[in-house]
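According to this note's numbering, the sequence shown holds residues 6 to 420 in order.
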Amino acid sequence: PLKFVVAGRCSTTPARAGIMTLPHSTVQTPVFMPVGTQGTLKGVTVDQLETLGCQLMLGNTYHLGLRPGPELLNEAGGLHTFMGWNRSLLTDSGGFQMVSLLALAEITEDGVKFRSAHDGREMLLTPEKSMEVQNAIGADIMMQLDDVVSSLTTGPRVEEAMHRSIRWLDRCIKAHAKPAQQNLFAIIQGGLDPDLRSACVDAMVARGTPGYAIGGLSGGEEKTKFWRVVAQCCRLLPPDKPRYLMGVGYALDMVVCVALGVDMFDCVFPTRTARFGTALVPTGQLALRHRSFAEDFRPVDADCPCYTCRNYTRAYLHSIVGHEAVACQLLSVHNVAYQLTLMTRTRNSILENRFPAFVRDFVRTLHPRGDVPAWAAEALASVGIDIADLVAPAAPAAEQPAEQVVEVVDGGMQT
C-alpha cells in the first residue's frame, strides 16, 4: 500500500525529495507532520489543517488506546471517520511513553505495564496490543512497539533495549492484521553507540518493512552526537524507502537533517509554543506577550499566506495572548503553516538543485548575527555545505547586550 519514489536528489548532499503514496493521500517529502495526540491537533480543526495543505498527521497509540479505546474506534470505523480526517495518519506505537511516563511504567519482555495517566487503571501494552490498537485506529503508517530508553542512558540497558526492539518488531509483524492496508515501520534504536545502531539497522532492514524510523534521539543528548547518529542511520538505511526522524521539529534541526538524508519529521513544538504566545518566523521566534508588540500593526510574517497572517496583526495577537483561547488557535494555525511551508520550500530547492544555496540563505536569516550552533555548521560541512563564513566568533560574556528579550532566535536571543 505504500509507494515511495525519489523525485529529486541534491547533487551535493544526501538530501532528497520524494513522493510517498499512502491509502488516504499522497505525501510530498521532506515533510513535517503535526502531532494530534488524542486524535486532534490542539487548537486546530481538521478543516484548517486541510486548508494549510497538511497531508499527514500523527496520533498516539497509548493515549488513543486509553481514550476512546480500540473497541469504540472499531465501532466508529477507525480514527479517520471518527475525527473527520480524510488524509493520512501515522500512529506512534506508545513506546515513547516508556521514557516520558517512566514513573508509571514497568518494562518487561512481555511489554510495558502502564498506570493510566487518565484514570489510574493499569494497561499492559505489548507488541500485539499495540498492533491491535493501531489496526483499530486504521493509520496509514503505524510504528512498531520499541523499547525506548533515554538518549542519555549508557551501559548494558541500551543494548538490551536495542535487541528487545528487534524481537518486538518480529512480534509486531506477526500480529499485524492489515498489512495490505496499513504500513508498519521499524524503529532503529541503539542510543548514541554507532556499533549498536549499525547492528540494529542490519537486523531491521532484513525484516523488509515499508519504511524506517530513527528513534531514541531528541532527548537532551549533545547535538554533536545527535547529528552523527542521524547521518549514520541515513547512510545505512535503504535508499528506496522513507526515513523518519522521530520527535524532531525545530526549524534548524529539520533543515540540517534533510541535508543528512531524512524525509519525515514530527514534533509537538509548533502547537505547544503557540500556547505560550510564541510565533515561529524565519528569524526565529516572536514572543508576542512582550510589550514591544503592543502597537506593531504588521502581520506575524508578511510572507506567510496562512489565515492568521492574512487577517490579524501582532498588536491584536499581543492583546489577546494569555487572555483569550482563540489566541492559541490563531498562533497554532500560523506555526503549523510555518513548519509545512518550510518543508515545501526545502523540497522545492532540492528539486531545483539549489538546496545548498537555500540552506545558506535559511541559516543567514535565522542567525543574522552569526550565532550559528557549532554542531549545525559541523553537520552541514560533513555533507559539503560550508557555512563557515556565516559563523561569527563568540563574543566575550561582558560584551553581550543586556536589554530585555523581544525575539528568541532558535536557541539564541535577539533583543
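Note that CB positions come from ideal geometry on N, CA and C, so glycine has one too. As the structure is a computational prediction, the values presented were derived from the model and not from experiment.
Burial state of residue i, where buried means 16 or more other Cβ atoms lie within 10 Å
i, result
"His-60", "Correcting the residue type first, residue 60 is Gln in the shown sequence and not His. Label assigned to Gln-60: buried."
"Pro-398", "exposed"
"His-328", "exposed"
"Thr-214", "buried"
"Arg-248", "buried"
"Asn-316", "exposed"
"Ala-307", "exposed"
"Lys-134", "buried"
"Pro-184", "exposed"
"Leu-77", "exposed"
"Phe-274", "buried"
"Leu-174", "buried"
"Asp-268", "buried"
"Asp-271", "buried"
"Asp-115", "exposed"
"Thr-113", "exposed"
"Asp-452", "Absent from the structure is residue 452, since the part of the chain shown begins at 6 and ends at 420."
"Arg-233", "buried"
"Leu-129", "exposed"
"Gly-48", "buried"
"Arg-202", "buried"
"Val-414", "Since pLDDT at Val-414 reaches only 39, below the 50 mark, its modelled position is unreliable, and no value is offered."
"Asn-358", "exposed"
"Thr-283", "buried"
"Pro-467", "The requested residue 467 does not occur in the structure, where the chain is confined to residues 6 to 420."
"Thr-131", "buried"
"Thr-34", "buried"
C-beta contact flag for residue i and residue j at 9 angstroms
i, j, result
"Leu-150", "Gly-99", "yes"
"Glu-322", "Phe-298", "For the record, residue 322 in the displayed sequence is Leu; it is not Glu. Contact flag set, yes."
"His-85", "Gly-125", "no"
"Asp-152", "Arg-176", "no"
"Gln-194", "Gly-160", "no"
"Thr-288", "Leu-371", "yes"
"Val-422", "Thr-346", "The structure shown has nothing for residue 422, since the chain only spans 6 to 420."
"Leu-242", "Val-263", "no"
"Val-338", "Leu-293", "no"
"Tyr-343", "Cys-309", "yes"
"Met-251", "His-181", "no"
"Val-305", "Val-286", "yes"
Cβ shell of residue i (< 6 angstroms), same chain only, five flanking positions each side left out
i, result
"Thr-26", "Lys-8"
"Ser-30", "Gln-60, Arg-92, Ser-93"
"Met-147", "Thr-96, Gln-139, Gln-187, Leu-189"
"Gln-409", "Low per-residue confidence applies at Gln-409: pLDDT is 33, beneath 50, and the placement is therefore not dependable, though the value from the model is reported in the following sentence. None."
"Ala-22", "Ala-12, Gly-13, Arg-352, Ile-355, Leu-356"
"Met-259", "Phe-270"
"Cys-205", "Met-167, Ile-193, Gln-194, Gly-195"
"Arg-280", "Cys-333"
"Ala-384", "Trp-232, Val-261"
Residues of its chain near residue i, where Cβ-Cβ distance is below 8 angstroms and the 5 sequence neighbours each way are ignored
i, result
"Thr-17", "Phe-360, Pro-361, Val-388, Gly-389, Ile-390"
"Ala-403", "Because the pLDDT at Ala-403 is just 48, under 50, the model does not fix this residue reliably, and the value given afterwards should be weighed accordingly. Once the five neighbours on either side are set aside, Ala-403 has no close Cβ partner at all."
"Arg-303", "Thr-318, Arg-319"
"Glu-127", "Lys-118, Phe-119, Arg-120, Ser-121"
"Arg-365", "Ile-390, Ile-392, Leu-395"
"Gly-64", "Gly-41, Thr-42, Gln-43, Gly-44, Leu-84, Leu-94, Leu-95, Thr-96, Asp-97, Ile-142, Ala-144"
"Arg-162", "Val-154"
"Leu-57", "Cys-311, Val-338, Val-341, Ala-342, Leu-345"
Presumed contact (8 angstroms Cβ cut-off) between residue i and residue j, rounded CB distance
i, j, result
"Ala-81", "Val-261", "That pair is no contact at about 40 angstroms."
"Leu-395", "Arg-374", "Actually they do not touch by this definition, with Cβ atoms about 10 angstroms apart."
"Tyr-217", "Ala-191", "5 angstroms"
"Pro-3", "Leu-265", "Any property of residue 3 remains undetermined from this structure, which presents the chain solely from 6 to 420."
"Ile-178", "Ala-208", "In fact, because the Cβ distance is near 13 angstroms, the residues do not count as touching under 8 angstroms."
Check: residue i C-beta below 8 angstroms from any heavy atom of the ligand COA
i, result
"Glu-55", "Ligands are entirely absent from the displayed structure, and the ligand COA is therefore not among its contents."
Contacting residues, own chain, Cβ-Cβ under 7 angstroms from residue i (five flanking each side not counted)
i, result
"Thr-158", "Gly-196"
"Pro-199", "Gln-237"
"Ser-156", "Gly-196, Leu-197, Gly-221, Leu-222, Gly-224, Gly-225, Glu-226"
"Gly-416", "Per-residue confidence for Gly-416 stands at a pLDDT of 38, beneath the threshold of 50, marking its modelled position as unreliable; no derived number is given."
"Phe-231", "Leu-222"
"Phe-87", "Gly-44, Leu-78, Ala-81"
"Gln-5", "Lying before the first or after the last residue shown, residue 5 is absent from the chain, which here runs from 6 to 420."
"Glu-300", "Ala-320"
"Pro-28", "Pro-6, Asp-145, Gln-186"
"Val-32", "Met-25, Gln-60, Leu-61, Ser-93"
"Lys-246", "Phe-9, Pro-215, Gly-216, Tyr-217"
"Cys-314", "Pro-304, Val-305, Asp-306, His-339"
Short CB-CB distance (under 9 angstroms) between residue i and chain D
i, result
"Leu-201", "Among the protein chains of the structure shown there is no chain D, as only one such chain exists."
Inset, instruction - Would you list, in sequence order, the uninterrupted beta strand (DSSP E) runs of no fewer than 3 residues that lie entirely inside the region 25-92? - result: 31-34, 36-39, 61-65
Legend entry - Length at least 3, wholly inside the region 142-205: the beta strand (DSSP E) runs in chain order: 146-148, 188-193
Inset, instruction - Any chance you could list the alpha helix (DSSP H) runs of at least 4 consecutive residues sitting entirely within the region 208-269, in chain order? - result: Secondary structure in the region 208-269: the alpha helix (DSSP H) runs of 4 residues or longer, each lying completely within the stretch, are 228-241, 256-265 in chain order.
Inset, instruction - Please specify which runs of the alpha helix (DSSP H), each continuous and at least 4 residues long, are wholly inside the region 270-303, giving them in chain order. - result: 274-279
Inset, instruction - Note down, one range per segment and in chain order, each alpha helix (DSSP H) of at least 4 residues found wholly within the region 328-409. - result: 330-356, 360-371, 379-387
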